[in-house]
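In the numbering used here, the protein residues as written are 1 to 292.
Here the structure comes first, spelled out in structure tokens, and everything after it is commentary.
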Amino acid sequence: QRSLLGLKELDAEEIIAILDRAAHWEQQETKVQNVLQGKFAANMFFENSTRTRFSFEVAEKRLGAEVLNFSAAVSSVQKGESVYDTVRTLESMGIDVGIIRLKPIGLLAELATKIKVPLINAGDGNNEHPTQALLDLYTMRKQFGAIKGLTVSIIGDILHSRVARSNLYALQKLGATVKFCAPANLQASDLDARYVTMEEALKSDVVMMLRVQLERHESGMLSSAESYREQFGLTVERAATMPDHAIIMHPAPINRNVEIDDELVEHAKSRIFKQMEHGVPVRMAVIERALN
Ligand code: CP
Numbered sequence: 001q002r003s004l005l006g007l008k009e010l011d012a013e014e015i016i017a018i019l020d021r022a023a024h025w026e027q028q029e030t031k032v033q034n035v036l037q038g039k040f041a042a043n044m045f046f047e048n049s050t051r052t053r054f055s056f057e058v059a060e061k062r063l064g065a066e067v068l069n070f071s072a073a074v075s076s077v078q079k080g081e082s083v084y085d086t087v088r089t090l091e092s093m094g095i096d097v098g099i100i101r102l103k104p105i106g107l108l109a110e111l112a113t114k115i116k117v118p119l120i121n122a123g124d125g126n127n128e129h130p131t132q133a134l135l136d137l138y139t140m141r142k143q144f145g146a147i148k149g150l151t152v153s154i155i156g157d158i159l160h161s162r163v164a165r166s167n168l169y170a171l172q173k174l175g176a177t178v179k180f181c182a183p184a185n186l187q188a189s190d191l192d193a194r195y196v197t198m199e200e201a202l203k204s205d206v207v208m209m210l211r212v213q214l215e216r217h218e219s220g221m222l223s224s225a226e227s228y229r230e231q232f233g234l235t236v237e238r239a240a241t242m243p244d245h246a247i248i249m250h251p252a253p254i255n256r257n258v259e260i261d262d263e264l265v266e267h268a269k270s271r272i273f274k275q276m277e278h279g280v281p282v283r284m285a286v287i288e289r290a291l292n
């Protein structure tokens with residue numbers, strides 16, 4: 001039984017094994033398999049989610065598991081119960097795997113030392129979002145055949161982005177070059193990637209735009225949506241300068257006409273909804289890995 005707390009701790013072979021297994025699941029025509037029949041999966045989201053929560057639920061159901069959905073907003077968390085007591089409660093009821101999204105950084109790592117069932121990180125503050133990065137890698141590999149040798153630009157609110165962190169760790173292990181582009185006050189000094197201009201960032205094979213995470217900002221971090229779009233947004237004009245073979249990605253949710261123009265979201269270069277589609281087989285592979 002294996003938790004998945006982040007991609008920093010996985011080696012290239014383990015990442016490739018998950019992507020290969022996701023490819024297996026994507027090819028299955030039978031929608032529901034019985035491989036996890038009799039197993040209970042609990043989705044515990046202490047922070048809002050649409051894509052991650054529902055694609056884990058679809059993945060669990062496709063594997064034949066019993067699914068429990070915990071939502072902090074309608075739970076005893078509202079009476080002051082701690083995250084540890086909540087997870088320990090579900091563990092005592094017999095869950096086999098916990099999928100967990102948390103806001104405070106460091107809490108997931110601490111929980112994993114105390115909870116016996118495997119835990120899967122579904123978004124951990126601004127630390128890591130490993131299943132998002134795995135579905136991003138899966139999308140890139142499907143597009144280009146391999147990750148090694150690709151140049152990937154990650155543009156936007158790097159400081160608050162768990163997606164940027166997980167992608168950086170995994171892409172570098174798999175032999176890709178990662179460039180960052182961000183306003184000075186949204187750069188992360190602890191990460192090992194070069195910051196480049198928008199002009200240079202747009203020359204890459206993959207242009208990954210990040211959401212401006214206003215909910216994590218201190219006041220005044222963003223002067224205005226218009227000036228952000230002008231300086232760091234993927235506008236229709238900027239997208240026209242990308243190489244013909246290059247693709248646009250975004251983990252979503254999207255601030256349309258802030259970090260990416262409305263017309264580009266479903267543009268021929270965009271793989272944004274493909275990324276969401278790939279979230280299901282990738283999460284099937286991760287849940288199966290946790291329980292086998
Ligand atoms: N990309 C992502 O994590 O989306 P949600 O917050 O909707 O899960």
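Ideal Cβ placement from N, Cα and C applies to all residues, glycine included.
Just so we're clear, the structure is a prediction, and the values are computed from it rather than from any experiment.
Check	Outcome
DSSP three-state assignment for Lys179, whether helix, strand or coil	strand
Contact check, Arg315 vs Val280, beta carbons under 8 Å	Nothing can be reported for residue 315, as the shown portion of the chain is limited to 1 through 292.
Closer than 5 Å to the ligand CP: residues, by C-beta to nearest heavy atom, in chain order	Ser49, Thr50, Arg51, Thr52 and Pro251
Beta carbon proximity, Leu191 to chain C, threshold 8 Å	Going by chain labels, chain C is absent from the structure shown, which holds only one protein chain.
Whole-angstrom distance between Met140 and Leu19, CA atom to CA atom	11 Å
First and last residue of the uninterrupted alpha helix (DSSP H) at Asn167	Arg162 to Lys173
Cα-Cα separation between His129 and Glu237, rounded to whole angstroms	31 Å
Length of the line joining the Cα atoms of Leu150 and Ser204	8 Å
Nearest-angstrom beta carbon gap, Ser3 and Ala290 [assumed within contact, 8 Å]	7 Å
Proximity below 8 Å, CB of Ala146 to CB of Lys179	no
Residue span of the beta strand (DSSP E) that contains Ile155, given as start and end	Thr151 to Ile155
Spatial distance of Phe40 from Leu68 (CA atoms)	7 Å
The stretch 107-117 touching the stretch 79-96, judged by at least three CB pairs closer than 8 Å	yes
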